[in-house]
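> Residue numbers (the numbering used here): 5 to 240. Even for Gly, the Cβ is constructed at its ideal location relative to N, Cα and C. Keep in mind it's a predicted model, so treat the numbers as computed, not measured.
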């Protein structure tokens, strides 16, 4: 919800994610080329970019500054030279690796929402393990996990696969041995493409998941914090 200059609540901007948004992304999956992009540039601007910006405008008062991703892929070090991302994303974080916050991703199949730390930087991982080794902070983390699981929002290890063994310096039979192997801590909720996504109420689903995961985000901010390593270049 946006506000006017005098602080009054303004009319919501977001009207739903259009059918054309998902059709555009499906087409891009089939033909990831500059010719497809240029032929469908108007669809990108009107049916993809504009509704995403409207969503961001309605959520920023509650969740702070939001950022989106540039559509172009960085192909310099990739074997896959397809020029465009086949998804559109929104995040509260300035970082990819080391970022802590809320995330949204749309692709041809539907929507993915997340909250927490998808990929921790090495210095964050060390502090994360130390917090899990501390009884008080670990108990807080496990309680947050239980509450989220009760809402069908389980906390998982993020994008990177966990270590196969408990890290050096921790007992193999540590009471939180499984958690110590994680390289992230995040809730990920996926939704298959459905009619409700095309309606204004879709924003309520985003808000619900992002709000529910705030305690996890706050725990990470309190016990893990920001990474001191330089942020990788993000494709925004």
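Taking all protein chains shown into account, do 16 or more other C-beta atoms lie within 10 angstroms of the C-beta of residue 99, making it buried, or fewer, making it exposed?
Taking the first residue of the chain shown as position 1, residue 99 is located at position 95. Buried, since its Cβ has 16 or more Cβ neighbours within 10 Å.
> If distances are taken between C-alpha atoms only, which option among 197, 222, 64 and 171 comes closest to residue 22?
On the chain shown, residue 22 is found 18 positions in, with the first residue counted as 1. When each option's Cα is compared against that of residue 22, the closest is 197.
> Which word fits residue 62, buried or exposed, when buried means at least 16 other C-beta atoms lie within 10 angstroms of its C-beta?
Counting from 1 along the chain shown, the entry for residue 62 is found at position 58. Label assigned to residue 62: buried.
> Classify residue 237 as helix, strand or coil using the three-state DSSP reduction.
As a first step, residue 237 must be located in the chain shown, where it is residue number 233. Confidence at residue 237 is low in this model, with a pLDDT of 45, below 50, so the placement of that residue should be treated as unreliable; the coordinate-derived value is given next. In this structure, residue 237 counts as coil in the three-state DSSP scheme.
> Taking the alpha carbon of residue 170 as the reference point, which residue from 55, 181 and 155 has its own alpha carbon closest?
Along the chain shown, one-based indexing puts residue 170 at 166. Measuring from the Cα of residue 170, the nearest candidate turns out to be 181.
> Go through the segment 51-136 residue by residue and report every complete run of the alpha helix (DSSP H) that reaches 4 residues or more, in order.
Runs found: 54-67.
> Apart from the five residues on each side of it in sequence, which residues of its chain come closer than 7 Å, Cβ to Cβ, to residue 204?
Position 200 of the chain shown, counted from the first residue, corresponds to residue 204. The answer, listed in chain order, is 16, 18, 19 and 20.
> Given residue 129, which residues of its chain have a CB within under 7 Å of its CB, disregarding the five upstream and five downstream residues?
Walking along the chain shown from the start, residue 129 turns up at place 125. The residues are 187.
> Between which two residues does the alpha helix (DSSP H) carrying residue 4 extend?
The displayed coordinates of the chain run from 5 to 240. Any statement about residue 4 would go beyond what the structure contains.
> Tell me residue 190's beta-bridge partners as DSSP assigns them.
Here the question's residue 190 lines up with position 186 in the chain shown. According to DSSP, which records beta bridges pairwise, residue 190 is partnered with 120 and 160.
> Put residue 49 into one of helix, strand or coil per three-state DSSP.
Stepping through the chain shown from its first residue, residue 49 is reached at position 45. Reduced to three states, the DSSP call for residue 49 is helix.
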